[in-house]
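Protein chains in written order, with this note's numbering: chain A, 1 to 218; chain B, 1 to 209. Take a look at the structure below.
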């Protein structure tokens, strides 16, 4: 499993691997929003938690179809499916690699971009913690969507449509957690909901992803 | 499955795109044996190999094989262009729990290319890398789909020697190929007699039933 995760990370880092894709998208969204909204610091501060979470979510979405598509095209997926690795392990390893190459850079960039949006000083901790808890769910749910659409030409659109509704709870509770701490309210409830969603996704979805992958390979 | 048999097919029928292509196929593969599948294009060699590998469900009949003993190699090599030759092989060796990639590099004369990115290889070199993967799996039963495509005669010889060495160690191989590999132990199975006969549909409504 470690071999597969390391390979995916290495592939992402090499030329054309799309490592910076999500990060660049996140950066563009967050940098452009203040220009679009206009010079109103109070308004920016009010929408900052939502914009930061939305940007991170869309950036995550952008790189999902690469999870299986490339391995499908060059035949690796068939070879991996007949290897000693159970498919449940394969999808978990791929979700982990996706999180490490997409989720972690977003978490690291978010506080810096929070400055651009005039995020309330008290909310930076909550921003990092909420992304830390929430982005693994985005990767695991996204891996499920990618497994569903593997083998479809230009499956990216269908993938987005399938995954977006599943992303909503994470977005709602993630952004709410940041918003609450920005307003100085205690944010334990959304945090616990976020933890629950992520734990549930990590525990259950690899089995679903492996099952649909089996069907799709046949 | 009888003792020692690596693969048994029992009145197997396979379908491609919902249409039955081969039916009533019986086959046993024992250690030390190479089975060459022959037949014209479209007869279902790839479909049959994928069914053997468990990548496809049989339409009828049974495939008896231990999934832990086989390795499949299809038309696509599964080679990552941005990884070097050695990195590609090391990945598969790690997945299959094999330590050493040296012998595999040697068998397919890839030592000189080991550090080169696989994307810079020629088609034949890439195919050699794909075949070298078989040697780092440590699996007994090789299921190979047109393994010699884009190989020159010298490389075909390398491949034949690798298969011979594999058979000598108690392995077995099922190979779909159109060319003569010069394997002494090979058993040729002609697939044409097993071509599925499509049922006659004489009624228009029946066709959509």
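Note that beta-carbon positions come from the ideal geometry of N, C-alpha and C, so glycine has one too.
Unbroken beta strand (DSSP E) runs of no fewer than 3 residues, entirely contained in the segment 36-84 of chain A, are not found. In the structure shown, the three-state DSSP call for residue 18 of chain B is coil.
When the five nearest sequence neighbours on each side are left out, the beta carbons in the same chain lying within less than 6 angstroms of the beta carbon of residue 81 of chain A are those of 217, in order along the chain. Within the segment 170-212 of chain A, not a single complete alpha helix (DSSP H) segment reaches 4 residues in length.
Scanning its chain for C-beta atoms nearer than 6 angstroms, with the 5 sequence neighbours on each side dropped, one finds around residue 158 of chain A the residues 149, in chain order. When only Cα atoms are considered, residue 176 of chain A and residue 105 of chain A end up about 22 angstroms apart. For residue 64 of chain B, the enclosing beta strand (DSSP E) has its first and last residue at 60-65.
Scanning the segment 106-188 of chain B from its first residue to its last, the whole beta strand (DSSP E) runs of 3-plus residues come out as 141-145, 172-176. Distance from the Cα of residue 165 of chain B is smallest, within the candidate group B:98, B:89, B:32, for B:32. Chain-order list of chain B residues neighbouring residue 40 of chain A: empty, with the shortest C-beta distance near 46 angstroms, by a criterion of under 7 angstroms. For residue 97 of chain B, the chain A residues whose C-beta falls within less than 8 angstroms of its own C-beta are 84, listed in chain order. For the pair of segments examined, the segment 102-110 of chain B was found not to touch the segment 65-78 of chain B: the number of CB pairs separated by less than 8 angstroms stays below three.
Within its own chain, the residues whose Cβ lies closer than 8 angstroms to the Cβ of residue 180 of chain A, once the five positions on either side in sequence are excluded, are 126, 186, 187, 190, listed in chain order. In this structure, the beta-carbon distance from residue 91 of chain A to residue 143 of chain A falls below 9 angstroms. At a cut-off of 9 angstroms between C-beta atoms, residue 218 of chain A counts as an interface residue with respect to chain B. A buried status is given to residue 83 of chain B, since no fewer than 16 other beta-carbon atoms sit within 10 Å of its beta-carbon. Interface residue (Cβ-Cβ distance to chain A less than 9 angstroms): residue 85 of chain B is not classified as such.
Per the coordinates, the alpha-carbon of residue 91 of chain B lies some 46 angstroms from the alpha-carbon of residue 182 of chain A.
In chain order, 3, 7 make up the part of chain A whose C-beta sits under 7 angstroms from the C-beta of residue 91 of chain B. Under DSSP, residue 10 of chain B takes part in a beta bridge, and its partners are B:62. Look at the beta carbons and you see the segment 110-125 of chain B not touching the segment 23-34 of chain A: under three pairs across the two are nearer than 8 angstroms. Think of a sphere of 7 angstroms around the beta carbon of residue 4 of chain B: no beta carbon from chain A falls inside it, the nearest being about 22 angstroms out. Within chain A, no residue has its CB atom less than 9 angstroms from the CB of residue 140 of chain B, the nearest being about 13 angstroms off.
Scanning chain B for C-beta atoms nearer than 8 angstroms to the C-beta of residue 75 of chain A yields 74, 75, 76, 77, 78, reported in chain order. Listed along chain B are 82, 83, each with a C-beta nearer than 8 angstroms to that of residue 14 of chain A. Taken through DSSP and simplified to helix, strand or coil, residue 10 of chain A comes out as helix.
Only those residues of the segment 154-172 of chain B whose C-beta falls short of 9 angstroms from the nearest C-beta of chain A would be listed, and there are none.
As computed with DSSP, residue 28 of chain B is found in a beta bridge with B:8.
For residue 213 of chain A, none of the residues of chain B pass the 9 angstroms Cβ criterion, the least Cβ distance being about 11 angstroms. Of the candidates B:146, B:53, B:26, B:101, B:26 places its Cα closest to the Cα of residue 189 of chain B.
Close CB contacts of residue 177 of chain B within its chain, under the 7 angstroms cut and outside five residues either way in sequence, are with 36, 146, 147, 148 (chain order).
Between residue 136 of chain B and residue 198 of chain B, the CB-CB gap reaches or exceeds 9 angstroms. Under the three-state reduction of DSSP output, residue 31 of chain A falls in the helix class. For a cut-off of 8 angstroms, the C-beta gap from residue 140 of chain A to residue 201 of chain A is around 5 angstroms, short enough to register as a contact. Taking all protein chains shown into account, residue 71 of chain A has 16 or more neighbouring C-beta atoms within 10 Å of its C-beta and is therefore buried. Residue-level contact by beta carbon holds for residue 81 of chain A and chain B, with a gap shorter than 9 angstroms.
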